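> Count along the sequence shown from 1, add 42, and you get the number used in the working numbering.
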Amino acid sequence: MLRLAPLIAIAVLILPISSGVLATLLPAFGWFPALGGTTVSAEPFRELFREPGIWQSVWLSLKTGLLTTMISLGLVVAFFAAWSGTRLFERMRHLVSPLLAIPHAAAAFGLAFMIAPSGFLMRLVSPELTGFVTPPDWQILMDPGGLSMSAGLIVKEVPFLFLVTLAAMPQARAGDFHRVASGLGYGRMAGFVFTVWPQLYPQIRLAVFAVIAYATSVVDVALILGPTSPAPLAVRLVGWMGDPDLAMRFKASAGAILQLGLTVSALLIWIVLEKAGSALLQVCSLSGIRYLRDGALRWFSGGAMALAAVLVLAGLAVLAIWSFAGYWAWPDAVPRSFTLKTWMRSLDAVSGPLWITLLLGLAAMVIAIVIVIASLENEARTGRTGGSRSLWLLYLPLIMPQPAFLFGLKMFFLAFGVGTGFAALVSVHLVFVLPYVFLSLADPWRAWDSRYAQVSATLGGTRNDTFWKIRLPMLAGPVLVAAAIGFAVSVGQYLPTVLIGAGRWPTLTTEAVALASGGDRRVIGVYAFLQMFLPFAGFAIAALVPAAMFANRRAMRA
């Protein structure tokens, strides 16, 4: 049975995407017999290109994706170059790492509550420093340039790239290269960029591509922080797909193909930028300049990283405060009273989405854990790995823009009678949960000392005995962490839940985003607080269970 696990994993990753893209491509060219489309035609694209503001939407999505990636990656690289191996770096690692568990929507709400004209930051300085007795009429949120949306994405992508880079650092031999560069008289940051970064970047390149793909096609953050006239392309696609006029499915499918082309274009532009950056790096490294005076840049990178983390954490705290706030008038920095009325009033409405979120996340997580453990155990027993091809396969759902295949997958499900049931929704969540679970568990699983298996074999233990009695208990900590990551990924899924669930399975994320246009910060605070609490609870369990299981075995608690 273990031999089937890799095939099942491949099927989970490839079949939904390939069938979804095909089912998107056919209606995009007018062929969808169920809706009367029986001839191949370019009319859906002509109708799409006649849509007012369509190219502004394309430009906004492209600009946001590239800007988000450049700033996020630049900040992470600068911080690693300036502070890796220091106490500040370790402190920042502990501060940034938990942010990965926070769903994008919750982080976006937290940032919105911080930087809005009537938000917490403005309340702190008004009216004493600003003179404002009423909130200023500034378009900070939903600005036409999409800057607030980019900021919301940056504060979430920085922790992701930070942890991916941190995992790749040992393979880049950063310490050895740093000592050589320092011995040659290079400044700390220049030595890192000239020697370590060329070894490091190829290992995180696919993760950078995933950031570009997500940022160019994001929906939930765009609905909370993005502009509306025009909106980013992905947001407009969701509107067309949900239109009561079923004929709009043709235009939505054409738009999904345009979204795919947009993301591919962004990736090609990034590849060009990679080559230009590589050439510039070579010129700088051969110039003979040692770049010793980097003190200001070092402190700027540390301050920027701390600001990104503090903004998210403070925003989450403000969300929690709003959920318990009583009367909170402008410009009071804190509420004049606290109450449980909002929680009591929202209890009935939130209980359904809460249970659906829990069950959906647990189901997708458990299935992913079983598939991943079986695949890794099969790999360990046979010695066969997929190499770089398996890595590309794992990143495929992360690099493929969600609208490009989810629209078609929904129509594919409907055409074959799968419908919008819970099982269909779990299967789609699994497409996104499985890669994260595999990527987080693969390294600890492969690093397990095989000598334990040899000792077990000499004592008469079978492979199954070794797996159940030795390997799995010893790797309980990493397995639980991978499970917590998978659960957090499921909790944060917005577009798959909206499209495949068709409104029948509301989750905390879909309901919180739906409340974004309502303006009731107290109710939004309740939903967003629960949305961020569930992943944190998962990671708390992942930390506490090994500590309880192995209370008398200190080395096995982590």
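The beta carbon of each residue, even a glycine, is placed where N, CA and C say it ideally should be. If you're wondering where the values come from, they're calculated on a predicted model, not measured in any experiment.
What separation, rounded to the nearest whole angstrom, lies between the Cα atoms of P274 and E419?
Each residue's Cα considered, the two are about 43 Å apart.
> Below 8 Å, how does it come out for the segment 321-341 and the segment 249-267: are there three or more Cβ pairs, yes or no?
No, the segment 321-341 is not in contact with the segment 249-267.
> Have a look at M134 and A348 and give me their C-alpha separation to the nearest angstrom.
The alpha-carbon atoms of M134 and A348 are separated by roughly 7 Å.
> How would you call L142, buried or exposed, if buried means at least 16 neighbouring beta carbons within 10 angstroms?
Buried: at least 16 other Cβ atoms inside 10 Å.
> Does DSSP put T80 in a helix, a strand or coil?
T80 falls in the strand class under three-state DSSP.
> Should the segment 562-578 be called in touch with the segment 472-490, which here means at least 3 C-beta pairs below 8 Å?
Segments in contact, no.
> Under the assumption that F236 contacts S343 (Cβ atoms under 8 Å), give the Cβ distance between them as a whole number of angstroms.
Not quite, the Cβ-Cβ distance comes to about 17 Å (not below 8 Å), so this is no contact.
> Any contact of the segment 391-405 with the segment 186-201, i.e. 3+ C-beta pairs under 8 Å?
At 8 Å Cβ cutoff, the stretches do not touch.
> What's the C-alpha gap between G200 and S139?
With the sequence shown as reference, residue 200 is identified as Val, and Gly is not the correct amino acid for it. Taking the straight line from one Cα to the other gives about 10 Å.
> For F121, I'd like the list of residues in its chain whose CB is within less than 6 Å of its CB, leaving aside the five on either flank, ordered along the chain.
Excluding sequence neighbours, F121 sits near S343, M347.
> Quick one: Cα of G545 to Cα of A526, how far?
Using only the alpha carbons, I get a separation of about 26 Å.
> With 16 as the cutoff for other CB atoms within 10 Å, does P477 come out buried or exposed?
Result: buried.
> Please state whether DSSP places A367 in a helix, a strand or coil.
A367: strand per DSSP, three-state reduction.
> For the alpha helix (DSSP H) containing K511, name the first residue and the last one.
Taken as a continuous stretch (DSSP letters only), K511 belongs to no alpha helix (DSSP H), as it is neither H nor E.
> Here's the rule: buried if 16 or more other CB atoms are within 10 angstroms of the residue's CB, otherwise exposed. What is D262?
Per the 10 Å Cβ criterion, buried.
> What does a CB cutoff of less than 6 Å around E553 pick up in its chain, not counting 5 residues either side in sequence?
Contacts found: P395, Y569.
> Note down, in chain order, each residue of its chain lying with its Cβ closer than 7 Å to the Cβ of L163, except the 5 sequence neighbours on either side.
Excluding residues within five positions, the ones whose Cβ falls inside 7 Å are M156, I157.
> Return the chain-ordered list of same chain residues with a C-beta closer than 7 Å to the C-beta of V360, the five sequence neighbours on each side being excluded.
Excluding residues within five positions, the ones whose Cβ falls inside 7 Å are G152, F155, M156, F162.
> What residue from S83, Q496, A446, D491 has the CA that sits closest to A298's CA?
The shortest C-alpha separation from A298 is found at A446.
> What is the DSSP secondary structure of F74, counted as helix, strand or coil?
Correct three-state label for F74: strand.
> Does DSSP put F380 in a helix, a strand or coil?
Strand, per DSSP.
> In this structure, does DSSP put W487 in helix, strand or coil?
Correct three-state label for W487: helix.
> Count Cβ pairs between the segment 96-116 and the segment 303-318 that sit closer than 8 Å; are there 3 or more?
Yes, the segment 96-116 is in contact with the segment 303-318.
> Can you tell me whether L49 is buried or exposed? The criterion is at least 16 other CB atoms within 10 Å of its CB, across all chains shown.
Exposed: under 16 other Cβ atoms inside 10 Å.
> Here's a check: name, in chain order, each residue in its chain whose Cβ is nearer than 6 Å to the Cβ of A148, leaving out the five neighbours to either side.
A570, Q573, M574, listed in sequence order.
> Quick one: which unbroken alpha helix (DSSP H) runs of 4-plus residues sit fully inside the segment 497-577? Chain order, please.
Counting whole runs of 4 or more residues, the segment 497-577 contains the alpha helix (DSSP H) stretches 505-508, 518-533, 537-543, 550-556.
> How about A70 and A296: are their beta carbons less than 8 Å apart?
Result yes, Cβ atoms of A70 and A296 sit closer than 8 Å.
> Tell me, to the nearest whole angstrom, how far the beta carbon of V533 is from that of T551; I am working on the premise that it is less than 8 Å.
Right, the Cβ-Cβ distance comes to about 7 Å (below 8 Å), so this counts as a contact.
> Leaving out the 5 sequence neighbours to the left and right, which residues in its chain are closer than 6 Å to F292 when beta-carbon positions are compared?
Cβ neighbours of F292 beyond the five flanking positions: P69, P86.
> Based on Cα-Cα distance, which residue from I246, T381, P94 lies nearest to A362?
Ranking the options by Cα distance to A362, first place goes to T381.
> Taking 8 Å as the threshold (C-beta atoms), are L108 and I311 in contact?
Yes, Cβ-Cβ distance for I311 and L108 is below 8 Å.
> What are the start and end residues of the alpha helix (DSSP H) that includes M112?
Unbroken alpha helix (DSSP H) run through M112: 96-125.
> Could you name the residues of the same chain whose beta carbon sits closer than 7 Å to that of S388, not counting the 5 residues immediately before and after it, in chain order?
Result list for S388: V565, V568, in chain order.
> Give the single residue among F529, G528, P520, A556 whose Cα lies nearest to the Cα of L537.
Of F529, G528, P520, A556, the residue nearest in Cα terms is A556.
> Does DSSP put M184 in a helix, a strand or coil?
In the structure shown, M184 sits in coil (DSSP, three-state: anything other than H, G, I, E or B).
> Examine the ligand MG and report whether any of its heavy atoms sits within less than 7 Å of the Cβ of F202.
Here there are no bound small molecules, and the ligand MG is not part of this structure.
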